[in-house]
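Undergrad:
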Amino acid sequence: MPKKSLEVLLDVSVDRASEVPLHRQVYLGIRRLVLTSRLRPGSRLPSTRPLASDLRLSRTTVLDAFEQLTFEGYLEGKIGSGTRVSSHIPRDVHTLASATQQNPIPTVRRKPRIARRALTHSFRQRLAA
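Each residue of the sequence shown is one higher than the one before, starting from 1 at the first, in this note's numbering.
(1) Quick check on G77: does DSSP put it in helix, strand or coil?
(2) Taking V85 as part of the alpha helix (DSSP H), name the residues at either end of that continuous run.
(3) Taking the alpha carbon of E72 as the point to measure from, which residue in L28, L57, T36 and A17 has its own alpha carbon closest?
(4) Residues in the same chain with beta-carbon distance under 6 Å from L51, minus the five sequence neighbours each way, listed in chain order, please.
(5) Hey, how far is the Cα of D15 from the Cα of R56?
(6) For T70, which residues in the same chain have their Cβ closer than 7 Å to its Cβ, ignoring the five residues on either side in sequence?
(7) Counting only runs of 3+ residues fully inside the segment 8-77, write out the beta strand (DSSP E) ranges in chain order.
(8) Once the 5 residues before and after S58 are set aside, which same chain residues still bring their CB inside 8 Å of it?
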């Protein structure tokens with residue numbers, strides 16, 4: 001595992017007794033590493049399965065954190081080549097970071113696969129009508 005991946009594992013911690021959701025704790029930990037330049041642009045992050053295993057979390061929890069970080073522009077990923085710190089972090093990200101400490105941005109939640117299928121089926125039926 002690359003050295004930067006070890007930093008992520010050492011510096012991201014979760015407190016199961018906290019009221020902060022686990023995916024949010026992972027998100028905040030990785031975001032802090034990016035904002036403090038402990039993880040520099042282009043740094044590769046560990047894949048979600050080993051990170052989830054090492055943090056003793058479900059992979060879905062780690063995926064939710066990664067998706068939120070990607071949505072906000074902190075991370076970028078390509079299938080087959082892993083997830084990396086974005087090479088173009090938005091200029092206002094530091095302002096955003098301090099603002100989100102006061103008012104957290106709502107997390108992006110994926111719809112369950114079965115709900116997506118139902119919506120797609122319903123949409124296709126309406127198109128056919």
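All C-beta atoms in this analysis are idealised placements derived from N, C-alpha and C, irrespective of residue type, glycine included.
TA: Looking at the atomic coordinates:
(1) In the three-state DSSP reduction, G77 falls in the strand class (E or B).
(2) Note, V85: premise wrong, no alpha helix (DSSP H); beta strand (DSSP E) at G82 to V85.
(3) L28
(4) V62
(5) 11 Å
(6) Contacts found: E76 and G77.
(7) none
(8) A52
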